[in-house]
Each structure stands twice: as structure tokens, then as C-alpha cells.
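Structure first, then comments.
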Amino acid sequence: MSDPLFGAMLQSIIEGAPDKAADLAQQALDSGVDPLEAVNRGFAVGITFAGDQFGCGEMFLPDLLASAEAMKAAMKVLEPEMLKRGSQREALGKIVLGTARGDIHDIGKNLVATILGASGFQIFDLGTSVTPEQFVAKTKEVDADIVGVSALLTTTMAGQKAVIDALDRNGLRPRVKAIIGGAAVTSKWAAEIGADGFSRNAIDALELAKSLMGKGTVTA
Amino acid sequence: MRPRVQLLSADLIGRILREALELLMNPGVRVGSAVVELLQSAGVEVNDGVARIPKALLQKCVASVPREFYLYNRQGEKAVRYGGDDVHFDPGSCCVQILDRETLEARPSETRDLVRIVQVTEMLPQFAAQSTAVVCSAADAPNAIGDLYRLFIVLQHSDKPVVTGSFSAAGLQGMIDLLAADCGSAEMSRQKPRAVFDVCPSPPLNWSEFGSHNLIDLARAGVPAEIVSMPLAGGTAPVTLAGSVTQHAAETMAGITLHQLARPGSPIVWGGAPAIFDMRSGGAPMGTVETAMLNMACAEVGKHLGLPTHGYLVATDSKFVDAQAGAESARSAMLGALAGINMISGAGMLESLACFSVEKLVIDAESIASAQRLARGIEVRGGDGVGGETLATAMFAQTGLSGEFLKLKETRALFRQEQHLPSAVIDRSARGSEPPSDVFTRALTRVDELVGKYRKPDLSEDVLRKFQGIVEREAERAGVAAK
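First to last, the protein sequences are chains D and P. Counting in our numbering, the first sequence runs from 1 upward without gaps. Counting in our numbering, the second sequence runs from 1001 upward without gaps.
Have a look at this one:
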């Protein structure tokens, strides 16, 4: 349970090196390190650091994505053992994501899915051009905490309102929080359609989701 | 392919050089008494201070100039290559005013301003060299040793090469001694020069006593010289751009002749600060496109002769750090880079070189980075296992139609080379993510950040003592008290 091992884990995430991260995860298991501790003291520290670096302009989108991929690779190795021990990393929350009906632009939505997934949220990604009915059905099915609707175009932004209205009609809110994002989205629009929040980028989305869950930091 | 912009045809360059040679025979060039003997011993006729330099001698002297040379940093590493199409930038020099960041008014520059300029320049990779950017007020150092004092301040605060110059014939030796003290010896200073000295003829066709003296002193010391000929088209030079370029060529070739006669093979730069003459104000507008064209064309003639080149761009005529300042400075940075000028001075300068702004310097650094990016052109990248064998098909082989380029290892490996990633001076944020701000406000923050991260070089006690000794000696020579 050496500190250098945790340091190397953190480093593998910052470097965005999935092979290295997976190797270190395996090493941890082989030497009897608690997988949950490997996440909390090693890998998760790395992803938080990467997010901070991105936030202050030191890291860029390709770096952030590589860090998220490395995180995913480490979790893939650790998760079976965590399941076995019954010490699965507690999800920060369940999030249903998709782009608004008629909108096929998904770079932003995919970034949010990757970063929030790597940070401990359980993501149910419905893909592009998702109808309000599909959002509602998935939300009920997985008992989601948050629904995120992305729209790039001013013409498809109305679809965000349609999802929120559908969640309301089905009596899912206020328990389920609705968040929106997209290039044309403003705080004014978010307020107008009764969204619980909006964010400008994936890192802000992470903060937003954590605060909606009442959790400031990654916990196990 | 490296993008290039050329303004002169081979035929026109031939005409410019032919007429420049003619001018140096008739009307000839005015020279200082210091070089009369040198010229006469080379067979040049000098009457009433006017020399008529024959073509054969001019050609011989131009031929003996080194095609390239390097400036070195304090660590003794090559930092600036004068030669070929290499492009470097340094801040402008040397005005007596600074734009006060609080009052937004021009006020006399002081030592603290020069230090701040040097600190910011030191932190910005866009600047390959420092300049002795502003004159420090007489309250800080007597005017008589103002040139030496600026270099004294810059050497204490920087490891980079320096573009400098002396204000008098007598002032030069002290500056050469400072550089020798900095690197250990005069011999080392010749072998690995840290600084280049600007020397200016007075238009039209006049190498003054001071300029003549500096040229031969620099040649004999083996310290690189940079001729800064500044014809003002329509004022102190022919109104046509081609005519001013011809005068520039004549003045510069005359200077090279004096310099190379004193010591053949000594390094010298075909440089200048040509500008048009403003027909309303009577000033020398540095931000105009014609001024940029003059700088480009003059450098083109120098390149045709195979010589290292210099120009004066990235400056503006605006009094504020505003849209005019940004537009003029960015435009000429681009043009200078596309002309392949080896050293481009002028960044940070406002008001036709009358005032300096540190905030403008950090904004100009972004324009320079963009110009440097443009000058690299469109390259086919690859190797190291990240493609390059194909332009796009290998990447599509991985993504298919998913569009997930952001996740490709090629993207991460190459985006820093493909894109200039600007500092926060440049606003590209989405509305709402940051409080809206103007570029001057962001520049203020950037300057503070850079100054905060700056670390002063660690000079030995011995070197500092030598510096102090030289300053005191020169103050005594000039009959003033050093502070």
C-alpha cells in the first residue's frame, strides 16, 4: 500500500495513459491493495487534478479525454474485484444524457458523459436526437437522479423545454433534476424553461452535477 | 512549403541596387571625420565630408560580410540566428515615455518600467531577444550614461540576447565592457556575442560623426552591428516606396563599407526602420501598411545580397492599447514574418515609437505567435507512430463515421503543433463562462501573472562588482555622478 504506487496511479491519469493505468490497477490488486483505496487515493485524485488543470487552461480537451480514458481503463480492472468484495465505488449519482430531438451534434454531450463517468457518476447515454418520451422512460427505468439535455442549435433548444415539461407531467420533478447545455444555451434560457442548472463545459457540468447531488467532492 | 511574400521582382531589385550604387557616387554620402582616413586609404575620394564610394569597393565590402551569425544567451547557447529566413522578434526601443497602467496617460519612463518590460519579455517565448526598451528618467541615471545604464539594468534581469545601441560615440566602450564582464572576457564576447548594436545613419545619405564612429568601433571590437536606416518616404527620402528602398540600400551599403573597411568579416545586419512621411502630421507613422511594405522590401534587397536582415514592425500610431493598436501591430507582425526578416523590433510601441506599453507587449506577443504560426505554413505531420503517412485516411480508419477525432492519439499528439494555443489575453470563451472583459483588462492580469512568475537571474558577486565598476568609471568619464 505504498504511496509511490498511488503517485504513479495519479500520474498515469494525468498523462492520459490507459495501458499504464490498467497495469497499475492490476499491480494494486496483485499486491493486495484495496481497490477502493486505489481509486480514492490514486486514480480519482488524478482525474480531479486533470479537471482542475483543464479549468485553469493548463490542459486541453484531448488531454482531458485521454485522462478520462485512462480512468476508464483502471476502473475496468478494479471493478470486478470491488464487486467481489462488495465495496463498489458508490456512484455519485445516475445521469441520463442525450441530445434534444432533431439535434445530432454530440461532441459536447459526449465530453460530459466521459468526464462525469470518469468522475464517478453512472451515465446512461441515450445518444442523439432523443425524444422526451425516451428521456422519461429511461429516467423511470434506472431511477435517475439527473437528466441532461444538450442542444447546439437555437432551433432544437425548444427540445430541452419539451423534455423538462415531460418530466414534470410524469411527476418526476423536483426529485429528478434537469440540466441543459449547448453553445447557444444561456442562464436566461435555463431559467425560462425551469431547468435546475446549465453549464458551459464538461468540467463545469461536473461541478454542477455534484452540487445538485449535494456532494462537493468525490467520495466512496 | 514555407509561405513567403515578396514585393520586388528580380528586375526591380537589380534597378534598386544599380541606382543605389549610382547615388553613392553622385551625390555621394556624407561621412564623419572619424572614417575619412579609412576611406581615403581604400582609395575613396572624400571632399568636404562627402565621400564618393566606387562600385567595386562597395561590392567587395558587401561580399566580406558574414552571411549569418548567432546571438547567444547568458548560458552560452545559440539563441538567435541572424541569417536565412529565420524570424525573431524583440520589443521596440527606445522611447522616453510609458503608458501608465493606472492613469492611461503617457509619463516619463523610469527604471521600474524598464525592469517590468524586461521581466515580461523574459517570460514570453515569442521574444527571442530583449531590447533596451525605454530610457530611464534622469532621476534614476544621468542622461550622459543613459545608454549604458539601460544595458546595465537589462543584463541584471535577463538571460536572453539583447538588441541595444549607444547614444554617443564615447558611450559605446562602456557598453562593450559591460558585455565582456557579463560573459567573462572581450574575447568570449566576440566568440559568443550576446548583444547586437543598432547604428543609425541620418537620412538622406549621411553617416554622422557619431554613427561613423560607432560603426568602426563595433567592427574593431568584433561586436555585431545592426544598421537601422530610416528613410521617411516623401519627407527625408523620395516619396515613392521604390525610391525610399533605393535610398535605404545606398545608406546601408555605405555603412557596410565603413564597417568592413575597419575590420573585414565583422558581423553586421542589413536593418532599418523605414517609414512613410505622414502628410498631415509630418510624423513617421509606424503602423501603416506602406511602412510595413518598406520594411519588407528593404529586407528583400538585403536577402538578395545574402545578408542578415532586420526591420521595425509590430508598432502602432495609436496612443492607446485599442483596436487600432491591435490591427496595425498584428498586421505588420504577419507581414514581417512572411517576409522572413531575421529580427523584427517594435512590439510594445505606441504613438509612432514615442511611448511604450507593457500591456501592449503581451497582446503583441499573441499577434507574434500567430504570425510565427502562419510562417511555419501547412505541414504534413507524422512519424513517432502518430500517422503522417496519410493526411486523413488513417485517422478515418480509426473513427469511421463516428466523428470521434477528439479521442484519437493523433489529436492529442499533434494539436499543440497544429494550433497556437493563446494565453488568456485572447478571449475565446463562451458567453457566460467568464465575466466579459476587454483585452486591456486581460492584458493587465497577464502582465501581473508573468511578473509574478519571473525569477531574476543569479549573477555572481564578481560580475555585479564589475558592472558597478564600469558604471562608476563611465559616470566619472562623462562628468556625472553615478547613483
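Don't be surprised by glycine CBs; every beta carbon is placed ideally from N, CA and C.
| Query | Result |
| --- | --- |
| Could you check what DSSP says for residue 1398 of chain P in three-state terms: helix, strand or coil? | helix |
| Does the stretch 92-100 of chain D touch the stretch 65-84 of chain D, meaning 3 or more C-beta pairs lie closer than 8 Å? | no |
| Should residue 1311 of chain P and residue 1341 of chain P be called a contact, given that it needs their Cβ atoms to be closer than 9 Å? | yes |
| Alpha carbon to alpha carbon, what distance is there between residue 1371 of chain P and residue 116 of chain D? | 38 Å |
| Do you know offhand how far residue 1094 of chain P's Cα is from residue 1427 of chain P's? | 30 Å |
| Between the beta-carbon of residue 1421 of chain P and the beta-carbon of residue 49 of chain D, is there less than 9 Å? | no |
| With respect to the alpha helix (DSSP H) encompassing residue 97 of chain D, which residues constitute its N-terminal and C-terminal limits? | Residue 97 of chain D -> not in any alpha helix (DSSP H); beta strand (DSSP E) instead, spanning 94-99. |
| Could you pull out every residue in the same chain whose Cβ sits closer than 6 Å to the Cβ of residue 1182 of chain P, ignoring the five residues on either side in sequence? | 1155 |
| Which ranges would you report for the beta strand (DSSP E) in the stretch 1329-1380 of chain P if only whole runs of at least 3 residues count? | 1343-1347 |
| Counting only beta-carbon atoms, is residue 1403 of chain P nearer than 9 Å to chain D? | yes |
| Within the chosen definition, does the stretch 1322-1331 of chain P reach the stretch 1256-1273 of chain P through at least 3 CB pairs nearer than 8 Å? | no |
| Along chain D, in chain order, which residues have C-beta atoms closer than 9 Å to that of residue 1406 of chain P? | 61, 62, 65, 107, 110 and 111 |
| Give the interface partners of residue 209 of chain D over in chain P, defined as CB-CB distance under 9 Å, in chain order. | Under the 9 Å cutoff, chain P gives no residues; its nearest Cβ is about 17 Å from residue 209 of chain D. |
| If we call anything under 9 Å between Cβ atoms a contact, is residue 1350 of chain P one with residue 1319 of chain P? | yes |
| Expressed to the nearest angstrom, what Euclidean distance is found between the alpha-carbon atoms of residue 1179 of chain P and residue 1195 of chain P? | 8 Å |
| Does any residue of chain P bring its CB to less than 9 Å from the CB of residue 183 of chain D? | yes |
| How would you label residue 1380 of chain P, buried or exposed, when you count the other beta carbons within 10 angstroms and need 16 or more for buried? | exposed |
| So if I threshold CB-CB distances at 8 Å, which residues from the stretch 7-35 of chain D count as touching chain P? | 16 |
| So for residue 1144 of chain P, helix, strand or coil by DSSP? | helix |
| Quick check: the stretch 1203-1219 of chain P against the stretch 1251-1260 of chain P, are at least 3 beta-carbon pairs closer than 8 Å? | yes |
| Is there a C-beta anywhere in chain P that falls below 9 Å from the one on residue 192 of chain D? | no |
| Look at the Cβ atom of residue 1111 of chain P, then the Cβ atom of residue 1131 of chain P, and state whether they are nearer than 9 Å. | no |
| Does DSSP classify residue 177 of chain D as helix, strand or coil? | strand |
| Going along the chain, which residues of the stretch 87-98 of chain D sit with their C-beta nearer than 8 Å to a C-beta in chain P? | none |
| Between residue 106 of chain D and the rest of its own chain, which residues show a CB-CB distance below 6 Å, the 5 nearest in sequence each way excluded? | 99 and 128 |
| Keeping to the same chain, check which residues put their C-beta closer than 8 Å to that of residue 1292 of chain P; ignore five residues upstream and five downstream. | 1313, 1331, 1332, 1335 and 1336 |
| Tell me residue 1108 of chain P's beta-bridge partners as DSSP assigns them. | P/1097 |
| Please return the same chain residues whose Cβ sits closer than 6 Å to the Cβ of residue 112 of chain D, not counting the five positions on each side in sequence. | 202 and 205 |
| Of the choices P/1247, P/1216 and P/1189, whose alpha-carbon is the least far from that of residue 1203 of chain P? | P/1247 |
| Which bits of chain D does residue 1442 of chain P rub up against, with CB to CB less than 8 Å? | Simply none; closest approach about 12 Å. |
| In its own chain, which residues sit with a C-beta less than 7 Å from the C-beta of residue 1453 of chain P, not counting the 5 before and 5 after it? | 1123 |
| What distance in whole Å lies between the Cβ atoms of residue 1150 of chain P and residue 1135 of chain P, which are believed to be in contact at a cut-off of 8 Å? | 7 Å |
| Within 10 angstroms of the Cβ of residue 1274 of chain P, are there 16 or more other Cβ atoms? Answer buried if so, exposed if not. | buried |
| Would residue 1024 of chain P and residue 1253 of chain P be called neighbours here (beta carbons separated by less than 9 Å)? | yes |
| Give me the DSSP bridge partner(s) of residue 1225 of chain P. | P/1197 and P/1268 |
| Contact criterion: CB-CB distance below 9 Å. Does residue 1421 of chain P meet it with respect to chain B? | Among the protein chains in the structure shown, which are D and P, there is no chain B. |
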